[in-house]
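Let me begin by presenting the structure, written as C-alpha cells, before commenting on it.
In our numbering, the protein residues as written are 419 to 771.
Here you go:
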C-alpha cells in the first residue's frame, strides 16, 4: 500500500519529493506517478474481465502478494451468471448455481487482496510500457495485463428467446444438455459446432432436431455424416426457428415447443421440444483491443503456450482465446496458467524481486 497520504513520511522541501516518491516505488511495487492535477497508479497486474478466468487469475496473483486489479466489465461474472445450475464444475456433487459460483470466486479473490473496479475498459495502450488502461473516467498503468473478456454466443433474437432463456433456450449442450435427459431438443446451426452439439445431445436425449436454413451443411463431411447416420437425429432442412413456445403460468417458464418457418415457401409448423440449443458461433469480446494484439479472422486473441499474446507482458485466458472447449473449468485453468506466467514475467523483467 502506498504511504503517500501520510504527511509525516514526506521530506520537507519540494526538491526532495522526487527522491521520496522513487523510494516508495522501490519499496511497494505498486505505485503512483504524480502530476500537478492527477495521479495515475501503476499496478503490477491488471485483469480485464470477471468470469472464471479473471477471478482465478486474481486469486493466484493476490496470493502471490502482487495486488492485482480486476476491472469487471459490464457482465460481472461472465456467461455463468446466466446459468441456473452447473453440474460439471468439480467440488459440487449437488451442482452449483452459476451466479453463486461467480460470487464465491469474487469473494475468494478479494479475500487475498484482489482489488475490483466495477467498470468497463474502453481502451488499452499497448504501444508503451507500462501499459495504459482507460475505463470510465479513470486511467491505470500496469506492468502486465491479463485479458479475460470471454466470448458472447451469437443469438437469433427470436420471439420467446428471452422468456425461456435458461429454461429451455441454451447455448451449450455440454453445459446444459444433462437437464433434458430422455427429452426432445433442437439444435440450430449447420457447422461443425452444431454437429458436435447434436451428436452429444443424441447420447442423452430421446430425439434431437437439427434445424438448418440451407439444404446442405457447412460442416466437415465426417461431422455431417455422423449426424446424418444417427437414428435419434432428424434434420429439418431449409428451415429457421421463428418462436419459442411454452408454459409461463408456473413459478418458472417451461419451454414446450418451437415454431419453424420454411425458407422455401414460408410455411410455419410447430414441433414439440423441451429445449433449443444455439450453435451458430460465438463473438469474442475483443473489439476494444488495438491491432497490437494479434487476433485470428474471427477475432479470437492468439496466444502461445504460456498464454502470452503478441505483446510481451500481455496475456489472455479463457474464451477470449479458447474457441474449442469453452468450459468454466478450462477457463479457470487458463486463468491460473496466465497468472503464474505473469508472476514469472514480472520477476524476469525486474518489477518484483
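Each residue gets a CB set at the ideal place from its N, CA and C atoms; glycine is no exception.
Here the structure is a predicted model, which means the values were calculated and not measured.
Sequence-distant residues of the same chain with beta carbon closer than 7 angstroms to residue i, five excluded per side
i: residue 596; result: 505, 622
i: residue 766; result: none
i: residue 610; result: 637, 638, 641
i: residue 677; result: 660, 661, 663, 686, 688
i: residue 703; result: 567, 568, 569, 570, 738
i: residue 482; result: 761
i: residue 748; result: 740
Residue span of the alpha helix (DSSP H) that contains residue i, given as start and end
i: residue 524; result: 516–529
i: residue 639; result: 639–647
For residue i, three-class secondary structure by DSSP
i: residue 675; result: strand
i: residue 473; result: helix
i: residue 752; result: helix
i: residue 663; result: strand
i: residue 742; result: coil
i: residue 611; result: helix
i: residue 728; result: coil
i: residue 762; result: helix
i: residue 500; result: helix
i: residue 592; result: helix
i: residue 487; result: strand
i: residue 479; result: helix
i: residue 453; result: Interpretation of residue 453 is limited by its pLDDT of 36, a score under 50 that renders its predicted location unreliable; the figure taken from the coordinates is listed afterwards. Three-state result, residue 453: coil.
i: residue 603; result: strand
Of the residues the options, the one placed nearest residue i, counting alpha carbons only
i: residue 605; options: 629, 579, 719, 664; result: 629
i: residue 459; options: 508, 559, 537, 713; result: 559
i: residue 600; options: 625, 576, 579; result: 625
i: residue 716; options: 631, 570, 685, 463; result: 570
i: residue 534; options: 473, 632, 736; result: 473
i: residue 674; options: 684, 741, 668, 663; result: 663
i: residue 462; options: 552, 546, 563, 529; result: 563
i: residue 541; options: 531, 747, 555; result: 555
i: residue 526; options: 468, 572, 655; result: 468
i: residue 552; options: 566, 537, 561, 530; result: 537
i: residue 657; options: 680, 722, 647; result: 680
i: residue 492; options: 466, 602, 707; result: 466
i: residue 613; options: 586, 652, 598; result: 652
i: residue 735; options: 635, 567, 510; result: 567
i: residue 855; options: 645, 557, 530; result: Residue 855 is absent from the structure shown; the chain starts at 419 and stops at 771.
i: residue 545; options: 522, 732, 633; result: 732
i: residue 578; options: 720, 755, 665, 471; result: 665
i: residue 574; options: 631, 509, 683; result: 631
i: residue 548; options: 464, 754, 509; result: 464
i: residue 763; options: 508, 543, 515, 561; result: 561
i: residue 706; options: 543, 523, 509; result: 543
i: residue 565; options: 470, 524, 649; result: 470
Other residues of its chain near residue i: CB distance less than 6 angstroms, five sequence neighbours each side excluded
i: residue 520; result: 495, 498, 499
i: residue 503; result: 513
i: residue 591; result: 615, 618, 619, 695
i: residue 404; result: There is simply no residue 404 to check, as the chain begins at 419 and stops at 771 in what is shown.
i: residue 757; result: 475, 478, 479
i: residue 594; result: 588
i: residue 744; result: 737
i: residue 635; result: 608, 642
i: residue 754; result: 474, 478
Near the ligand GDP: residue i beta-carbon under 7 angstroms from a heavy atom
i: residue 490; result: The model on display carries no ligand, and the ligand GDP is accordingly not part of it.
Cutoff 8 angstroms; reference residue i; Cβ partners in own chain excluding five residues on either side
i: residue 436; result: Only weak support is given to the placement of residue 436: the predicted model assigns it a pLDDT of 40, under 50, and the value that follows is read from those uncertain coordinates. Excluding positions up to five away in sequence, the list is empty.
i: residue 646; result: 653
i: residue 721; result: 727, 733, 734, 739
i: residue 576; result: 659, 660, 661, 662
i: residue 690; result: 602, 674, 675
i: residue 572; result: 696, 698, 699, 700, 701
i: residue 487; result: 461, 463, 464, 465, 532, 533, 534, 535, 558, 560
Residue range of the beta strand (DSSP E) that includes residue i
i: residue 541; result: 539–543
i: residue 691; result: Note, residue 691: premise wrong, no beta strand (DSSP E); not H, not E.
i: residue 464; result: 464–466
i: residue 570; result: 569–571
i: residue 576; result: Here residue 576 belongs to no beta strand (DSSP E), and DSSP marks it neither H nor E.
i: residue 549; result: 549–553
i: residue 713; result: Run containing residue 713: none; DSSP gives neither H nor E here.
i: residue 630; result: Unbroken run through residue 630: none, as it is neither H nor E.
i: residue 654; result: 651–654
Meets three-Cβ-pair contact criterion under 8 angstroms: the region 724–732 and the region 676–696: no
Answer yes if the region 665–672 comes into contact with the region 577–590, meaning at least three C-beta pairs across the two stretches below 8 angstroms, and no otherwise. yes
Any contact between the region 727–747 and the region 703–715? By contact I mean 3 or more CB pairs, one from each, below 8 angstroms. yes
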